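The numbering of the sequence shown is the numbering used here, which starts it at 3 and goes up by one.
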Amino acid sequence: MMIESNLLTYILVKKDDLEENDLAQMLHLMQNHYSHVTEMMFLHDLLEKDFVGIIRDKNSDIQGFTTFVINPKNCAGRDYNILFSGDTIIDEKHWGSLIMMKGWSMSVGSIVASDSDKPWYWYLMSKGHRTYLYLPFYFHSYYPSIHPQSDYGTLAQIADEVSRNLFGDDWKPDEGLIRFKEHHGALNPALSEATFRKIKHTYVKFFLEKNPAFYDGNELVCIAQLSQENILRSARQYFIEGTNLKLP
3 MMIESNLLTY ILVKKDDLEE NDLAQMLHLM QNHYSHVTEM MFLHDLLEKD
53 FVGIIRDKNS DIQGFTTFVI NPKNCAGRDY NILFSGDTII DEKHWGSLIM
103 MKGWSMSVGS IVASDSDKPW YWYLMSKGHR TYLYLPFYFH SYYPSIHPQS
153 DYGTLAQIAD EVSRNLFGDD WKPDEGLIRF KEHHGALNPA LSEATFRKIK
203 HTYVKFFLEK NPAFYDGNEL VCIAQLSQEN ILRSARQYFI EGTNLKLP
(Lines of atoms letter the chains of each structure in order from A; the text may use other names.)
(Lines give C-alpha, C1' and ligand atoms only; values in the text may rest on other atoms or scores of the structure.)
Protein backbone atom coordinates (compact mmCIF):
# COMPACT_ATOMS: atom_id res chain seq x y z
CA MET A 3 0.00 0.00 0.00
CA MET A 4 1.57 3.27 -1.15
CA ILE A 5 0.42 6.87 -1.54
CA GLU A 6 2.56 9.50 -3.25
CA SER A 7 2.40 13.29 -3.18
CA ASN A 8 4.76 15.88 -4.67
CA LEU A 9 7.16 15.72 -1.73
CA LEU A 10 6.23 12.71 0.39
CA THR A 11 5.35 9.02 0.08
CA TYR A 12 3.35 6.95 2.59
CA ILE A 13 3.75 3.18 2.72
CA LEU A 14 2.31 0.63 5.15
CA VAL A 15 4.76 -2.06 6.26
CA LYS A 16 4.92 -4.85 8.78
CA LYS A 17 6.72 -3.79 11.92
CA ASP A 18 9.21 -6.63 11.50
CA ASP A 19 10.23 -5.31 8.06
CA LEU A 20 11.72 -2.09 9.45
CA GLU A 21 15.49 -1.76 9.14
CA GLU A 22 17.91 -0.40 11.74
CA ASN A 23 18.25 2.91 9.91
CA ASP A 24 14.46 3.25 9.89
CA LEU A 25 14.33 2.75 13.65
CA ALA A 26 17.08 5.32 14.20
CA GLN A 27 15.27 7.94 12.12
CA MET A 28 11.95 7.25 13.83
CA LEU A 29 13.53 7.60 17.27
CA HIS A 30 15.20 10.85 16.18
CA LEU A 31 11.81 12.24 15.13
CA MET A 32 10.24 11.31 18.46
CA GLN A 33 13.05 12.82 20.50
CA ASN A 34 12.90 16.05 18.49
CA HIS A 35 9.23 16.54 19.36
CA TYR A 36 8.85 14.86 22.76
CA SER A 37 10.80 15.02 25.98
CA HIS A 38 11.68 12.01 28.17
CA VAL A 39 11.65 9.56 25.22
CA THR A 40 14.37 6.94 25.58
CA GLU A 41 15.46 4.38 23.00
CA MET A 42 14.32 1.56 25.28
CA MET A 43 10.88 3.12 25.72
CA PHE A 44 10.51 3.70 21.98
CA LEU A 45 11.53 0.17 21.01
CA HIS A 46 9.35 -1.41 23.70
CA ASP A 47 6.31 0.47 22.39
CA LEU A 48 7.11 -0.49 18.80
CA LEU A 49 7.60 -4.15 19.72
CA GLU A 50 3.91 -4.43 20.57
CA LYS A 51 2.73 -3.08 17.21
CA ASP A 52 1.72 -4.98 14.04
CA PHE A 53 2.07 -2.38 11.27
CA VAL A 54 3.78 0.96 10.71
CA GLY A 55 2.77 3.64 8.23
CA ILE A 56 6.00 5.33 7.10
CA ILE A 57 6.23 8.76 5.44
CA ARG A 58 9.41 9.33 3.43
CA ASP A 59 10.69 12.33 1.49
CA LYS A 60 12.36 12.30 -1.94
CA ASN A 61 15.65 11.28 -0.30
CA SER A 62 13.94 8.30 1.41
CA ASP A 63 14.43 9.94 4.82
CA ILE A 64 11.59 9.33 7.27
CA GLN A 65 9.54 12.48 7.92
CA GLY A 66 6.71 10.87 9.85
CA PHE A 67 5.11 7.61 10.92
CA THR A 68 2.13 6.08 12.66
CA THR A 69 1.83 2.67 14.30
CA PHE A 70 -1.04 0.17 14.51
CA VAL A 71 -1.83 -2.88 16.61
CA ILE A 72 -4.93 -5.04 16.21
CA ASN A 73 -6.68 -6.17 19.40
CA PRO A 74 -3.72 -5.64 21.78
CA LYS A 75 -3.66 -7.99 24.77
CA ASN A 76 -6.73 -9.72 23.33
CA CYS A 77 -8.82 -6.68 24.20
CA ALA A 78 -11.44 -7.38 21.54
CA GLY A 79 -14.91 -7.73 22.98
CA ARG A 80 -17.47 -10.31 22.02
CA ASP A 81 -19.06 -7.66 19.84
CA TYR A 82 -16.16 -5.56 18.57
CA ASN A 83 -12.55 -5.36 17.34
CA ILE A 84 -10.07 -2.72 18.48
CA LEU A 85 -7.50 -0.91 16.35
CA PHE A 86 -5.02 0.82 18.64
CA SER A 87 -2.89 3.65 17.28
CA GLY A 88 0.45 4.11 18.99
CA ASP A 89 3.15 6.68 18.31
CA THR A 90 2.10 9.04 15.51
CA ILE A 91 4.18 11.98 14.33
CA ILE A 92 5.04 14.08 11.30
CA ASP A 93 7.88 16.58 11.22
CA GLU A 94 6.84 20.19 11.77
CA LYS A 95 7.98 21.28 8.32
CA HIS A 96 5.29 19.03 6.83
CA TRP A 97 2.42 20.13 9.07
CA GLY A 98 -0.49 20.89 6.78
CA SER A 99 0.28 17.98 4.48
CA LEU A 100 -2.62 15.56 4.02
CA ILE A 101 -0.36 12.55 3.40
CA MET A 102 -0.82 11.19 6.94
CA MET A 103 -4.61 11.44 6.76
CA LYS A 104 -4.70 9.76 3.36
CA GLY A 105 -2.30 6.97 4.32
CA TRP A 106 -3.90 6.39 7.71
CA SER A 107 -7.39 6.22 6.20
CA MET A 108 -6.39 3.71 3.52
CA SER A 109 -4.49 1.59 6.04
CA VAL A 110 -7.47 1.54 8.38
CA GLY A 111 -9.82 0.60 5.54
CA SER A 112 -7.62 -2.36 4.71
CA ILE A 113 -7.43 -3.46 8.35
CA VAL A 114 -11.19 -3.17 8.89
CA ALA A 115 -11.86 -5.19 5.72
CA SER A 116 -9.77 -8.05 7.15
CA ASP A 117 -12.63 -8.95 9.54
CA SER A 118 -16.14 -7.86 8.64
CA ASP A 119 -17.87 -10.04 11.24
CA LYS A 120 -17.65 -7.44 14.03
CA PRO A 121 -17.55 -3.63 14.12
CA TRP A 122 -14.20 -1.94 14.58
CA TYR A 123 -13.32 0.85 17.00
CA TRP A 124 -10.29 3.14 16.89
CA TYR A 125 -8.62 3.49 20.28
CA LEU A 126 -6.08 6.26 20.60
CA MET A 127 -4.47 8.30 23.33
CA SER A 128 -3.99 12.04 22.85
CA LYS A 129 -1.12 13.69 24.66
CA GLY A 130 -1.48 16.76 22.42
CA HIS A 131 -4.32 18.69 20.81
CA ARG A 132 -3.19 17.94 17.24
CA THR A 133 -3.96 14.24 17.75
CA TYR A 134 -7.35 14.98 19.30
CA LEU A 135 -8.33 17.21 16.36
CA TYR A 136 -8.41 14.17 14.05
CA LEU A 137 -11.70 13.25 15.74
CA PRO A 138 -13.85 16.35 15.07
CA PHE A 139 -12.25 16.80 11.65
CA TYR A 140 -12.84 13.27 10.36
CA PHE A 141 -15.52 11.57 12.49
CA HIS A 142 -19.22 12.13 13.04
CA SER A 143 -19.41 10.42 16.43
CA TYR A 144 -16.50 9.99 18.85
CA TYR A 145 -15.58 10.05 22.53
CA PRO A 146 -14.97 12.38 24.30
CA SER A 147 -16.94 15.00 22.40
CA ILE A 148 -18.50 18.41 22.83
CA HIS A 149 -21.48 17.12 20.85
CA PRO A 150 -22.27 13.56 22.05
CA GLN A 151 -24.24 11.36 19.65
CA SER A 152 -26.61 8.48 20.40
CA ASP A 153 -23.78 5.93 20.76
CA TYR A 154 -21.82 8.02 23.29
CA GLY A 155 -22.55 5.67 26.18
CA THR A 156 -21.36 2.68 24.15
CA LEU A 157 -18.15 4.47 23.20
CA ALA A 158 -17.49 5.42 26.82
CA GLN A 159 -18.05 1.81 27.94
CA ILE A 160 -15.65 0.42 25.32
CA ALA A 161 -13.06 3.07 26.23
CA ASP A 162 -13.28 1.97 29.86
CA GLU A 163 -13.10 -1.77 29.09
CA VAL A 164 -10.08 -1.44 26.83
CA SER A 165 -8.26 1.03 29.09
CA ARG A 166 -8.66 -1.21 32.14
CA ASN A 167 -7.33 -4.16 30.15
CA LEU A 168 -4.34 -2.31 28.72
CA PHE A 169 -3.32 0.03 31.52
CA GLY A 170 -4.77 -1.20 34.81
CA ASP A 171 -4.35 1.32 37.62
CA ASP A 172 -2.81 3.90 35.29
CA TRP A 173 -6.30 4.35 33.82
CA LYS A 174 -8.28 7.01 35.69
CA PRO A 175 -11.90 6.48 34.59
CA ASP A 176 -13.26 9.52 36.43
CA GLU A 177 -10.90 11.73 34.43
CA GLY A 178 -10.81 9.77 31.17
CA LEU A 179 -7.01 9.86 31.33
CA ILE A 180 -4.04 7.53 31.39
CA ARG A 181 -1.59 8.85 33.98
CA PHE A 182 1.51 6.69 33.90
CA LYS A 183 3.44 6.06 37.10
CA GLU A 184 6.64 6.19 35.04
CA HIS A 185 7.20 8.87 32.42
CA HIS A 186 6.25 7.80 28.88
CA GLY A 187 7.18 11.05 27.16
CA ALA A 188 5.53 14.44 26.80
CA LEU A 189 5.37 17.17 24.19
CA ASN A 190 8.42 19.38 24.27
CA PRO A 191 7.86 22.82 25.85
CA ALA A 192 7.64 24.71 22.55
CA LEU A 193 4.85 22.46 21.25
CA SER A 194 3.03 22.61 24.59
CA GLU A 195 3.08 26.40 24.51
CA ALA A 196 1.58 26.31 21.01
CA THR A 197 -1.45 24.49 22.44
CA PHE A 198 -2.12 27.23 25.00
CA ARG A 199 -1.86 29.88 22.29
CA LYS A 200 -4.81 28.20 20.53
CA ILE A 201 -7.07 28.07 23.57
CA LYS A 202 -9.78 30.11 21.81
CA HIS A 203 -10.22 27.29 19.29
CA THR A 204 -13.34 25.39 20.37
CA TYR A 205 -11.85 21.89 20.19
CA VAL A 206 -8.47 22.88 21.61
CA LYS A 207 -10.25 24.46 24.57
CA PHE A 208 -12.22 21.24 25.06
CA PHE A 209 -9.02 19.18 24.89
CA LEU A 210 -7.46 21.37 27.59
CA GLU A 211 -10.53 21.00 29.78
CA LYS A 212 -10.31 17.21 29.50
CA ASN A 213 -6.50 16.95 29.75
CA PRO A 214 -5.27 20.09 31.55
CA ALA A 215 -1.85 18.65 32.46
CA PHE A 216 -1.13 17.20 29.00
CA TYR A 217 2.35 18.74 29.18
CA ASP A 218 3.22 16.18 31.88
CA GLY A 219 2.53 13.32 29.47
CA ASN A 220 -1.04 12.54 30.54
CA GLU A 221 -2.97 10.82 27.76
CA LEU A 222 -6.62 11.51 26.93
CA VAL A 223 -8.34 8.26 25.94
CA CYS A 224 -10.38 8.63 22.74
CA ILE A 225 -12.45 6.22 20.69
CA ALA A 226 -14.52 6.23 17.49
CA GLN A 227 -16.19 3.59 15.36
CA LEU A 228 -14.39 2.86 12.09
CA SER A 229 -17.11 2.68 9.45
CA GLN A 230 -18.03 4.39 6.20
CA GLU A 231 -21.01 5.99 7.93
CA ASN A 232 -18.93 7.50 10.73
CA ILE A 233 -15.91 8.74 8.77
CA LEU A 234 -16.22 12.18 7.19
CA ARG A 235 -14.88 14.22 4.31
CA SER A 236 -12.06 12.97 2.12
CA ALA A 237 -10.99 10.48 4.79
CA ARG A 238 -14.07 8.41 3.88
CA GLN A 239 -12.96 8.16 0.25
CA TYR A 240 -9.52 6.88 1.21
CA PHE A 241 -11.02 4.52 3.80
CA ILE A 242 -13.25 2.98 1.11
CA GLU A 243 -10.30 2.65 -1.27
CA GLY A 244 -8.37 0.88 1.47
CA THR A 245 -11.06 -1.76 1.93
CA ASN A 246 -10.10 -3.11 -1.51
CA LEU A 247 -6.40 -3.40 -0.67
CA LYS A 248 -4.60 -6.28 1.00
CA LEU A 249 -2.49 -5.80 4.10
CA PRO A 250 1.28 -6.27 3.69
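Heads up, the beta-carbon is just placed ideally off N, CA and C, and yes, glycines get one too. This one's a predicted model, so the numbers in the text were calculated from it and none came from an experiment.
Select from the options the residue whose C-alpha is nearest the C-alpha of residue i.
i           : options               : result
residue 122 : 131, 9, 132 and 164   : 164
residue 40  : 184, 213 and 246      : 184
residue 35  : 108, 95, 142 and 109  : 95
residue 126 : 224, 66, 58 and 203   : 224
residue 142 : 67, 238 and 32        : 238
residue 221 : 197, 242 and 174      : 174
residue 81  : 200, 32, 157 and 20   : 157
residue 15  : 56, 149, 161 and 7    : 56
residue 229 : 73, 124, 53 and 64    : 124
residue 54  : 83, 19 and 78         : 19
residue 83  : 113, 108 and 66       : 113
residue 219 : 179, 227 and 170      : 179
residue 195 : 217, 247, 204 and 248 : 217
residue 199 : 108, 92, 21 and 131   : 131
residue 147 : 160, 208 and 181      : 208
For residue i, which of helix, strand or coil comes out of DSSP?
i           : result
residue 228 : coil
residue 23  : helix
residue 97  : coil
residue 216 : helix
residue 79  : strand
residue 182 : coil
residue 202 : coil
residue 148 : coil
residue 210 : helix
residue 171 : helix
residue 221 : strand
residue 177 : coil
residue 10  : coil
residue 4   : strand
residue 157 : helix
To the nearest whole angstrom, what separates the beta carbons of residue i and residue j, a pair I think is in contact under 8 Å?
i           : j           : result
residue 11  : residue 4   : 6 Å
residue 75  : residue 8   : Not quite, the Cβ-Cβ distance comes to about 40 Å (not below 8 Å), so this is no contact.
residue 68  : residue 102 : 7 Å
residue 45  : residue 17  : Not a contact, Cβ separation roughly 11 Å.
residue 89  : residue 71  : Not a contact, Cβ separation roughly 11 Å.
residue 111 : residue 245 : 4 Å
Can you find a heavy atom of the ligand FAD that lies under 7 Å from the Cβ of residue i?
i           : result
residue 174 : This structure does not include the ligand FAD; it has no bound ligands of any sort.
**OP:** Pick out the complete beta strand (DSSP E) segments inside the stretch 117-142, 3 residues or longer, and give them in chain order.
**Re:** 122-128
Original post:
Within the chosen definition, does the stretch 117-125 reach the stretch 14-29 through at least 3 CB pairs nearer than 8 Å?
Top reply: no
Original post:
Can you give, in chain order, each stretch of the alpha helix (DSSP H) that sits fully within the stretch 28-75 and has at least 4 residues?
Top reply: 41-49
Original post:
Is it a yes or a no for the stretch 98-109 touching the stretch 209-222, going by three-plus beta-carbon pairs under 8 Å?
Top reply: no
**OP:** Flag this pair as touching only if the stretch 127-138 and the stretch 60-73 have three or more C-beta atom pairs under 8 Å; answer yes or no.
**Re:** no
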